[in-house]
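In the working numbering, the protein residues as written are 10 to 83.
So, in structure tokens, the structure goes:
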């Protein structure tokens with residue numbers, strides 16, 4: 010698993026968790042969904058992503074997040 014895929018998986022998990030908690034516990038949990046969305050947008054434009062830095066220090070390798078970006082092998 011690469012850093013990029015781990016960050017995407019974590020963001021998706023946080024969104025699903027906050028939607029479930031917002032529905033079952035309190036609507037205030039939807040703030041977590043907004044926080045995840047804002048972080049995804051700012052990292053797309055600035056390139057700064059704190060979870061990616063932490064995962065890098067933990068030893069995960071960077072790689073393409075999507076298979077459509079890989080060059081075909083001949």
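Built from N, CA and C at the ideal position, the CB exists for glycine as well.
With 16 as the cutoff for other CB atoms within 10 Å, does residue 16 come out buried or exposed?
Under this definition residue 16 is a buried residue.
Would you call the CB atoms of residue 50 and residue 12 closer than 7 Å?
Going by C-beta atoms, residue 50 is not nearer than 7 Å to residue 12.
Selected residue, minimal CA-CA separation from residue 21, among 67, 76, 42:
The residue with the shortest Cα to Cα distance from residue 21 is 42.
Going by beta carbon distance, what residues of the same chain come within less than 8 Å of residue 70, once the five residues before and after it are set aside?
For residue 70, the CB contacts under 8 Å within the same chain, skipping 5 residues up- and downstream, are 11, 12 in chain order.
When DSSP labels each residue in this structure, what does residue 10 get in the three-state scheme?
Coil.
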